[in-house]
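K.L.:
Be aware that the sequence shown starts at 0, since it is given in numbering that gives the first Met the number 0, and climbs by one per residue.
Just dropping this structure here.
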Amino acid sequence: MSDQNVATVVTRLLHAVDDLDWETVRELLADQVALDYTSLWGGTPQEITGNEVVAAWQQLLPGFDATQHLTGPIVVTAANDTGATCATTVRAYHTLVEDGRTDVWMVAGRYQISLVPAPSATPPWRISGITLRLAYEEGDRALVEQAQARVAKGSGGRAQPAT
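Structure (structure tokens):
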């Protein structure tokens, strides 16, 4: 269970999120996930199921025309038979195109990520915790509400009509 395997899981998760590949996102999450975005949104950290994480992200991310999560080097701070932790800088770009105008909301900070062993999986880790430590943001946070509205009505961005 090498450091490279830890980095691969984190990178695959972010690529799958940007690709809206929900099957892969779910595969890479543990059954229980601790999410802490309080530095961005306030409130309290959450402990929810991997399925609930996917459902929450599905209510937002498809409403953007594009997202891109870019990380710096992923530094593994601990890895043993009981779990792993790593940290990486992140810039998450959220793009919305409306009436020929492109708007971007960008969040910059550092992710602290926890993983649990999944010996029968390849790579053998699943993400059990994500904490964002916000450094700064640029652009209009109101794009989040626009993206959610697009998803709710099933149009705009990459949102699909309800079936």
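Idealized CB from N, CA, C, for every residue including glycine.
CA-CA distance, Gln145 and Arg11?
P.N.:
Distance between the alpha carbons of Gln145 and Arg11 is about 27 Å.
K.L.:
Can you grab the Cα-Cα spacing for the pair Leu27 / Val8, in whole Å?
P.N.:
Spanning the two alpha carbons is a distance of roughly 7 Å.
K.L.:
Taking 8 Å as the threshold (C-beta atoms), are Thr84 and Ser113 in contact?
P.N.:
yes
K.L.:
With H, G and I counted as helix, E and B as strand and the rest as coil, what does DSSP make of Pro61?
P.N.:
helix
K.L.:
Per DSSP, Val47 is paired with what?
P.N.:
In the sequence under discussion, the amino acid at residue 47 is Ile, which differs from the Val named in the question. Per DSSP, Val32.
K.L.:
By alpha-carbon positions, which one of Gly82, Val106 and Val103 ends up nearest to Val5?
P.N.:
Minimum Cα distance to Val5 is reached at Gly82.
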